[in-house]
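Engineer: Provided herewith is a single structure, encoded as structure tokens, for subsequent inquiry.
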DNA sequence: TCGTTAATTAACATATTAGTTAATTAACTA
DNA sequence: TAGTTAATTAACTAATATGTTAATTAACGA
């Protein structure tokens, strides 16, 4: 058995499942609602399995309403991912700043004073 | 062949690989540097494979320096994940605010992060 | 040149994932 | 009650992921 963050990332590593989450972010939906966009690509049991993966990952909670199974997005697991990402925010934002800084040196018709490769060791 | 966001999430769905990224966020490292914390759990070829997964996902770039293979973190793939997350930000932040509001009405002192199943970091 | 270190490749075992079709459960409705 | 709809379970297949050990490649340094 995996740790839960791994399970969450694993569940996110599939476009069908991410599309389901996107759908659920618009509002709760039954299994058949979630299935509809994919029934030309795969069977209903396949859909059931995808939803089960999302459930086990804690991303989705499925309840019962007569013969329907309303599903809702579960914020906690998404927040765990966001929290993990947070430790890298400075990192990827820095590179964006660097790109922006670079573009500023280039866009004005000034001579780009580029010194890129610093030899290590 | 998978879409690239799926490949990235898939690469993140492993604690060994996430630990490698954490290490690389502190600075570039050779394969053997990355391997060191794990050599009691798995073999060097296993490490090589993990790094290859990170490379294919675009999360890591490996270069050459004599017999060494310095690796560096690649911000772009991380940013892709962050961008995807962004569409859900309002969603999980809303629920956090709700929790915070709730906790303020109940226990104005502490603010525990409640979790259904134990999520290991 | 020889031995050592760094890292990869090859070949293989095993587990997990993602899908299938067929059967089943459960609740509604005419 | 019989038929229909919603969804799951069972049994199976094929592909991919993750690890192993043994062999190999490549560069350094005494």
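Residue numbers (this note's numbering), protein chains in the order written: chain A, 1 to 121; chain B, 122 to 242.
For glycine and all other residues, C-beta sits at the position ideal for the given N, C-alpha and C.
(1) By Cβ distance, which residues of its chain are closer than 8 Å to residue 139 of chain B, with the 5 residues on each side in sequence left out?
(2) Between the region 168–188 of chain B and the region 53–62 of chain A, are three or more C-beta pairs nearer than 8 Å?
(3) Assign residue 193 of chain B to buried or exposed, taking buried as 16 or more other Cβ atoms, counted over all protein chains shown, within 10 Å of its Cβ.
(4) How big is the Cα-Cα spacing for residue 42 of chain A and residue 33 of chain A?
(5) Quick one: list the residues of chain A neighbouring residue 175 of chain B, beta-carbon separation under 9 Å, in chain order.
(6) Determine the direct distance from the alpha carbon of residue 40 of chain A to that of residue 191 of chain B, and round the result to whole angstroms.
(7) Please return the same chain residues whose Cβ sits closer than 7 Å to the Cβ of residue 198 of chain B, not counting the five positions on each side in sequence.
(8) Mind listing which residues of the region 194–208 of chain B have their C-beta closer than 8 Å to chain A's C-betas, in chain order?
(9) So residue 194 of chain B is in the beta strand (DSSP E); what residue range does that whole segment cover?
(10) For a cutoff of 8 Å on Cβ pairs, would you count residue 38 of chain A as touching chain B?
(11) To the nearest angstrom, report how far apart residue 36 of chain A and residue 29 of chain A are at their CA atoms.
(12) Use the C-beta contact count for residue 146 of chain B: other C-beta atoms within 10 angstroms, 16 or more gives buried, fewer gives exposed.
Structural biologist: So, from the data block:
(1) 133
(2) No: fewer than three Cβ pairs fall under 8 Å.
(3) Counting Cβ neighbours within 10 Å, residue 193 of chain B comes out exposed, since fewer than 16 surround it.
(4) The C-alpha of residue 42 of chain A lies about 14 Å from the C-alpha of residue 33 of chain A.
(5) What residue 175 of chain B touches in chain A: nothing, since even the nearest Cβ is about 13 Å away.
(6) 46 Å
(7) 129, 178, 179, 180
(8) 194, 196, 197, 199, 200, 202, 203, 205, 206, 208
(9) 192–194
(10) So no, residue 38 of chain A is outside the interface.
(11) Their backbone Cα atoms lie some 11 Å apart in a straight line.
(12) exposed
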